[in-house]
Amino acid sequence: MRILAIESSCDESAAAVLDENRGLLAHELYSQIELHRAYGGVVPELASRDHVRKLLPLVRRALARAGTAPGDLSGVAYTAGPGLIGALLTGAALARSLAYALNLPAVAVHHLEGHLLAPLLEPDPPPFPHLALLVSGGHTQLIEVSAIGRYRILGDTRDDAAGEAFDKTAKLLGLPYPGGPELARLARHGAPGAFHFPRPMLDRPGLEFSFSGLKTAVLHALRGRELDATLKANVARAVEEAIVDTLAAKALRALESTGLATLVVSGGVSANQRLRETLAEAVGRRGGRVYYPRTEFCTDNAAMIAVAGLARLKAGERLGLDIAARAQWPIESLAPVASL
Ligand code: KG4
Ligand code: ZN
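Right, dumping it as structure tokens:
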């Protein structure tokens, strides 16, 4: 089987071709970051309009690079949610129409399932069951993954997501959108111990997160001071440490309480180097192992949508003819899939 996958849930337009036996044949991506930068965040209507412009050329390029004619495909998968509804609908309309025109089945993919399954693209994929720490711009969740499609949320954020906390504090430091990677770059030059920000909810039992207090703590730290390069780097370092420590402590707590040894970290924030090092060391110490997607598949892409789509296509999932997309879509409501 060979699948074409399309991603358009937020500000990345992407297309990929995945073959059941030969693996990933091509993946193409266009990031709208420049388009949204002037506004300091994603403008949904601009995102939708740009997906309309970019998706079809990306699909053409992915098929050409994969040496794949439309007739070689077994199905078309697309991100059906959760995400920006207008952006999702552009991918849904394109994917559903292509599948109809080519007489192929269409498969709806849950964006977060894509993130969770992205490490399966690596040569040494994680075993099931495992614990997943899903950390993106919109989500911060600890999920027990017993099989593909069998997800149980153990902990969630009460307010801001980890990526959002990175982005919002980066904005306070005057860094361009999206601030996460920029803040991480600055943090490398920060002095250890110059600032210490709270690790929210660590003193309480449970696996819930809360990151909204970090913005206030940073605002207080900056008050009355001149925002020079040293101050920025020191604050960036302390912000990164606070977020990483909190994520790592809760992930370890979840490994303890479930008795699982394997941790999968995915979503945009899993590209963070300090998070990777901290988790690898802490999980390694208790005899477990951490798996990540390769860096380019941590943030939004279509290769991960192809993995989830192929699993669901093989399991016999088929969409009706309507163009379906959902801004909200609980991951626990997905149907389990026997095997990839
Ligand atoms: O998964 P993703 O591409 O999009 C969503 O589905 O949200 O995640 C984007 C988020 C942004 O908040 C971005 O700032 C953050 O991931 N991010 C990082 C790093 N790279 C991306 N945060 C911290 N350190 C990084 N290196
Ligand atoms: Zn994402």
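Going letter by letter, the sequence shown gives residues 9 to 348 in the working numbering.
For each residue, glycine too, the CB sits at the ideal point set by N, CA and C.
Between which two residues does the alpha helix (DSSP H) harbouring residue i extend?
i: L26; result: Unbroken run through L26 is the beta strand (DSSP E), E20 to D27; no alpha helix (DSSP H).
i: S105; result: I93 to A109
i: T286; result: Q281 to R293
i: T388; result: Outside the modelled stretch of the chain, which goes from 9 to 348, sits residue 388, for which no answer is possible.
i: L66; result: P52 to R73
i: V277; result: Counting along the chain, V277 falls outside any alpha helix (DSSP H), and DSSP gives it neither H nor E.
i: A311; result: A311 to K322
So residue i and residue j are supposed to be a Cβ contact under 8 Å. How far apart are they, rounded?
i: G145; j: A333; result: Actually they do not touch by this definition, with Cβ atoms about 19 Å apart.
i: L81; j: I11; result: 7 Å
i: Y108; j: A13; result: About 17 Å separates the two Cβ atoms, so there is no contact after all.
i: E15; j: D308; result: 6 Å
i: L283; j: V115; result: That belief does not hold up - the Cβ atoms of L283 and V115 are roughly 31 Å apart, past 8 Å.
In the DSSP assignment, find the beta strand (DSSP E) that holds residue i and state where it starts and stops.
i: I14; result: R10 to E15
i: S39; result: G31 to S39
i: L215; result: Looking at the DSSP string, L215 is not in any beta strand (DSSP E), and its letter there is neither H nor E.
i: D116; result: Strictly speaking, residue 116 in this sequence is Ala, with Asp absent from that position. Run containing A116: A114 to H118, per the beta strand (DSSP E) assignment.
i: A140; result: H138 to V143
i: T307; result: Element bounds for T307: n/a, residue is neither H nor E.
i: V84; result: G83 to G89
i: V298; result: R297 to Y299
Quick check: what's the CA-CA separation for residue i versus residue j?
i: S341; j: E121; result: 11 Å
i: L110; j: S154; result: 35 Å
i: D170; j: L222; result: In the sequence as displayed, the identity of residue 170 is Ala instead of Asp. So the alpha carbons of these two residues sit roughly 10 Å apart.
i: L294; j: S278; result: One point to set straight first is that residue 294 is Arg, not Leu, in the sequence displayed. Looking at the two C-alpha atoms, the distance is approximately 20 Å.
i: G214; j: K258; result: 8 Å
i: E130; j: D27; result: 14 Å
i: E234; j: A192; result: 21 Å
i: E304; j: G99; result: 21 Å
i: A46; j: V291; result: 40 Å
i: L348; j: P301; result: In this prediction, L348 scores a pLDDT of 47, lower than 50, which makes its location untrustworthy; the coordinate-derived value is nonetheless stated afterwards. Whole-angstrom Cα-Cα distance: 17 Å.
i: N280; j: P189; result: 7 Å
i: S39; j: L263; result: 35 Å
i: S17; j: G324; result: 24 Å
i: R69; j: L102; result: 15 Å
i: A288; j: T76; result: 38 Å
i: T286; j: L141; result: 13 Å
i: E216; j: T165; result: 6 Å
i: L71; j: P134; result: 28 Å
Does the beta carbon of residue i come closer than 8 Å to any beta carbon on chain C?
i: K179; result: Among the protein chains of the structure shown there is no chain C, as only one such chain exists.
Residue j and residue i - do their beta-carbons sit closer together than 8 Å?
i: G296; j: T254; result: no
i: R104; j: I251; result: no
i: A173; j: F203; result: no
i: A22; j: A310; result: yes
i: L139; j: L268; result: yes
i: T180; j: V117; result: The amino acid occupying residue 180 in the given sequence is Leu; Thr does not appear at that position. Taking 8 Å as the Cβ cut-off, L180 and V117 do not qualify as a contacting pair.
i: S56; j: G94; result: yes
i: V345; j: G201; result: no
i: Y299; j: P65; result: no
Ignoring anything shorter than 4 residues or poking outside the stretch 153-190, list the alpha helix (DSSP H) runs there in chain order. 170-180
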